[in-house]
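Working notes, structure below.
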Ligand SMILES: [Zn+2]
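Residue numbers (our numbering): 1 to 489.
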């Protein structure tokens, strides 16, 4: 194998490894426009599976899809003071159209709260018009200075849910519910464990009362904020005059939530599961779950082994498995490429299961199944190959989540860490550190300044330490909350 095909090892340079995997596994490519990327079919295939599953889960929780314009009048962005302050530095502005200067500049949406709540204000008169539960699949633009494929690009794809409710209680439940949907998706489908919790004031979304977040640990021990859900209170309703007549006959402002995940999740998937041989895709999100590689030496063997490979594909496709949908199978019967080179390619692309079949296997009515996650090989009878493959895929999916969770816990520190030790950890291998916080934004800012670590979330109860920390990591005053600290993408 040519050396230029080899990947940099994760332990040598994680960041270089990441870029190489994304490019060589053909997930995405750099574009002629600085900071923008092209999502290639192998990357888009994963996104489509993510989209499909999330969309199903949104609909199961009562949401509908709609579409709002890409352009937002500049005056809309200015209506919610915190919101404009948060997003102004990274907006793209259209000043001309059709060769003429526009009367009012248009913002290319960085997020759609403003235009969506302006529309809701038009649609809502009475409590009977609530709740509104709408999701949008769209692209957004944020003029970032430093970009990384999938993790931070000028334009990215995402979904943004926007809801309006009659009570704050209902909106709060909705924000929490969608955080739970994200967690179920990330753990159940991406095999990427997350810590959920609430953001501090310094880290919350511009214009929100509360921001809830899913934080995942990447293999370099940095956190990836992988999904957020916001309780917007009445901030946007007041800015856009989104009012309704209550059941009692009064007039009140509606309560809003918004929530989103993006193509950033693909970056999270790469950095959670990839290894030194390339990508590892959890079976539920793999556009191809099984690649069949027929092996032959003589022309005579070639014909019968290729035919067998296609018959096996047919038998796999007809297998009724427990989870919905047929097995997704590809036969790699290309001529002129050695089996070893094919294995290398499919490993790089992260296909969860490889089925090898040669003339001797065929004579014995068997094939070899090779797991991408562990590399373990197993001979299986051709009469039960569908069942065996489906079982293995199920096992791979579960194992990937367990392994990722073990890695996270192995790199998490809880209980009684001194600030000196904390600095050593953040200068060294990093990790998730659970420690006390006095609630003062000054301590939070000082730690960020000195170590680049931030409070990712004040974790939900199930993630908190059995023994709550007593003092603030930084100042030693009484702790008001346990905080999860980490460096982040
Ligand atoms: Zn403090």
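Every residue gets a Cβ at the ideal spot worked out from N, C-alpha and C, and that includes glycine.
**Item:** Of the residues 122, 6, 163, 483, the one placed nearest residue 443, counting alpha carbons only
**Value:** For the purposes of this step, residue 443 is identified with residue 443 of the chain shown, where counting begins at 1. Checking every option, the nearest Cα to that of residue 443 belongs to 483.
**Asked** Should the stretch 473–489 be regarded as contacting the stretch 447–465, the criterion being three or more beta carbon pairs within less than 8 Å?
**Response** yes
**Message:** Would residue 239 and residue 80 be called neighbours here (beta carbons separated by less than 7 Å)?
**Reply:** In the chain shown, counting from the first residue as 1, residue 239 sits at position 239. In the chain shown, counting from the first residue as 1, residue 80 sits at position 80. Contact: yes.
**Request:** Only counting runs of 3 or more residues, tell me where the beta strand (DSSP E) segments fall wholly within the stretch 420–452, in order along the chain.
**Result:** 432–437
**C-beta atoms of residue 40 and residue 26 nearer than 7 Å** = Here residue 40 corresponds to residue number 40 of the chain shown, with the count starting at 1. Here residue 26 corresponds to residue number 26 of the chain shown, with the count starting at 1. Cβ atoms of residue 40 and residue 26: closer than 7 Å.
**Cα-Cα separation, residue 46 to residue 313** = Looking up residue 46 in the chain shown gives position 46. Looking up residue 313 in the chain shown gives position 313. C-alpha separation (whole angstroms): 21 Å.
**Message:** Measuring straight from C-alpha to C-alpha, what distance separates residue 63 and residue 133?
**Reply:** By one-based count along the chain shown, residue 63 stands at place 63. By one-based count along the chain shown, residue 133 stands at place 133. C-alpha separation (whole angstroms): 5 Å.
**Asked** DSSP beta-bridge partners for residue 212?
**Response** In the chain shown, the residue the question calls residue 212 occupies position 212. Paired residues: 198, 229.
**Asked** What residues in its chain sit with their C-beta under 6 Å from that of residue 358, if we drop five residues either side in the sequence?
**Response** Translated into positions along the chain shown, residue 358 becomes position 358. So the list reads 295, once near-sequence residues are dropped.
**Asked** When DSSP labels each residue in this structure, what does residue 240 get in the three-state scheme?
**Response** On the chain shown, position 240 is the one that residue 240 refers to. If DSSP states are grouped into helix, strand and coil, residue 240 belongs with coil.
**Prompt:** For residue 70, does the three-state DSSP call read helix, strand or coil?
**Reply:** Locating residue 70 in the chain shown gives position 70, counting from the first residue. Coil at residue 70, not helix or strand.
**Asked** So is residue 3 buried or exposed if we call it buried at 16+ other beta carbons inside 10 Å?
**Response** Translated into positions along the chain shown, residue 3 becomes position 3. Any answer about residue 3 is weak, because its pLDDT of 49 lies below 50 and its placement is not dependable; what the coordinates show is given next. Its Cβ having fewer than 16 others within 10 Å, residue 3 is exposed.
**Prompt:** So what does DSSP say about residue 136, is it helix, strand or coil?
**Reply:** The sequence position of residue 136 within the chain shown is 136, counting from 1. Strand at residue 136.
**Request:** Go through the residues and name those whose CB comes closer than 6 Å to any heavy atom of ligand 1, in chain order.
**Result:** 438, 440, 443, 472, 474, 475, 477
**Request:** Answer yes or no: do residue 158 and residue 262 have a C-beta to C-beta separation smaller than 7 Å?
**Result:** Position 158 of the chain shown, counted from the start, is the residue given in the question as residue 158. Position 262 of the chain shown, counted from the start, is the residue given in the question as residue 262. The answer is yes: Cβ separation under 7 Å.
**Item:** Own chain residues within Cβ distance below 7 Å of residue 76, not counting five before or after
**Value:** Position 76 of the chain shown, counted from the first residue, corresponds to residue 76. Excluding positions up to five away in sequence, the list reads 114, 115, 118.
**Request:** Determine, using beta-carbon pairs with one atom in the stretch 159–179 and one in the stretch 224–232, whether at least three such pairs fall under 8 Å.
**Result:** yes
**Request:** Answer yes or no: do residue 290 and residue 329 have a C-beta to C-beta separation smaller than 7 Å?
**Result:** Numbered from 1 along the chain shown, position 290 holds the residue referred to as residue 290. Numbered from 1 along the chain shown, position 329 holds the residue referred to as residue 329. Going by C-beta atoms, residue 290 is nearer than 7 Å to residue 329.
**Prompt:** Rounded to the nearest angstrom, how far is the Cβ of residue 109 from that of residue 141, given a contact under 8 Å?
**Reply:** By 1-based counting over the chain shown, the position of residue 109 is 109. By 1-based counting over the chain shown, the position of residue 141 is 141. So it is a contact: roughly 7 Å between Cβ atoms.
**Prompt:** Between the C-alpha atoms of residue 100 and residue 93, what's the straight-line distance to the nearest angstrom?
**Reply:** Here residue 100 refers to the residue found at position 100 when the chain shown is read from its first residue. Here residue 93 refers to the residue found at position 93 when the chain shown is read from its first residue. Spanning the two alpha carbons is a distance of roughly 15 Å.
**Asked** For residue 258, is the classification buried or exposed, using 16 other Cβ atoms within 10 angstroms of its Cβ as the cut-off for buried?
**Response** Stepping through the chain shown from its first residue, residue 258 is reached at position 258. Buried.
**Request:** Using a threshold of 7 Å, state whether the C-beta atoms of residue 71 and residue 102 are closer than that.
**Result:** Sequence index remark: in the chain shown, residue 71 carries index 71 (1-based). Sequence index remark: in the chain shown, residue 102 carries index 102 (1-based). Contact: no.
**C-alpha gap between residue 155 and residue 36, whole angstroms** = In the chain shown, residue 155 corresponds to position 155, counting from 1. In the chain shown, residue 36 corresponds to position 36, counting from 1. Near 6 Å, if we compare the C-alpha coordinates of residue 36 and residue 155.
**Prompt:** DSSP state of residue 180, grouped into three classes?
**Reply:** Numbered from its first residue, the chain shown carries residue 180 at position 180. Helix.
**Request:** Taking the CB atoms as reference points, tell me whether residue 387 and residue 368 lie closer together than 7 Å.
**Result:** To locate residue 387, count along the chain shown from 1; it is residue 387. To locate residue 368, count along the chain shown from 1; it is residue 368. Cβ atoms of residue 387 and residue 368: not closer than 7 Å.
**Request:** Spatial neighbours of residue 471 within its chain, please: CB distance less than 6 Å, with the 5 preceding and 5 following residues excluded, ordered by chain position.
**Result:** Position 471 of the chain shown, counting from 1, holds the residue named residue 471. Cβ neighbours of residue 471 beyond the five flanking positions: 436, 479.
**Prompt:** Smallest Cα separation from residue 458: which of 477, 433, 402?
**Reply:** Within the chain shown, the letter at position 458 stands for residue 458. Out of 477, 433, 402, 433 has the C-alpha closest to the C-alpha of residue 458.
**Message:** Quick test of your reading: residue 206 and residue 68, contact by CB under 8 Å. State the CB separation rounded to the nearest angstrom.
**Reply:** In the chain shown, counting from the first residue as 1, residue 206 sits at position 206. In the chain shown, counting from the first residue as 1, residue 68 sits at position 68. Wrong, their Cβ atoms sit about 19 Å apart, outside the cutoff.
**Request:** Could you tell me whether any non-hydrogen atom of ligand 3 is closer than 6 Å to the CB of residue 6?
**Result:** The model depicted lacks ligand 3 and carries ligand 1 instead.
**Rounded distance between the beta-carbons of residue 376 and residue 366, thought under 8 Å** = By one-based count along the chain shown, residue 366 stands at place 366. By one-based count along the chain shown, residue 376 stands at place 376. Contact doesn't hold; Cβ gap of about 16 Å is too wide.
**Prompt:** The alpha helix (DSSP H) spanning residue 159 covers which residue range?
**Reply:** Translated into positions along the chain shown, residue 159 becomes position 159. First-last for residue 159: 155–165, but that is the beta strand (DSSP E), not the alpha helix (DSSP H).
**Prompt:** In chain order, what residues of the same chain have a beta carbon less than 6 Å from the beta carbon of residue 277, not counting five sequence neighbours either side?
**Reply:** Here the question's residue 277 lines up with position 277 in the chain shown. Excluding sequence neighbours, residue 277 sits near 347.
**Message:** Out of 384, 403, 473, which one is the CA nearest neighbour of residue 422?
**Reply:** Here residue 422 is taken as the residue at index 422 of the chain shown, counted from 1. Of the listed residues, the one whose Cα sits closest to residue 422 is 473.
**Prompt:** With residue 372 and residue 350 assumed to form a contact (beta carbons below 8 Å), what rounded beta-carbon distance in angstroms separates them?
**Reply:** Sequence index remark: in the chain shown, residue 372 carries index 372 (1-based). Sequence index remark: in the chain shown, residue 350 carries index 350 (1-based). With a Cβ gap of about 6 Å, residue 372 and residue 350 count as contacting.
**Prompt:** Going by the CB atoms, is the gap between residue 283 and residue 397 shorter than 7 Å?
**Reply:** Start at 1 with the first residue of the chain shown, and residue 397 comes out as number 397. Start at 1 with the first residue of the chain shown, and residue 283 comes out as number 283. Taking 7 Å as the Cβ cut-off, residue 397 and residue 283 qualify as a contacting pair.
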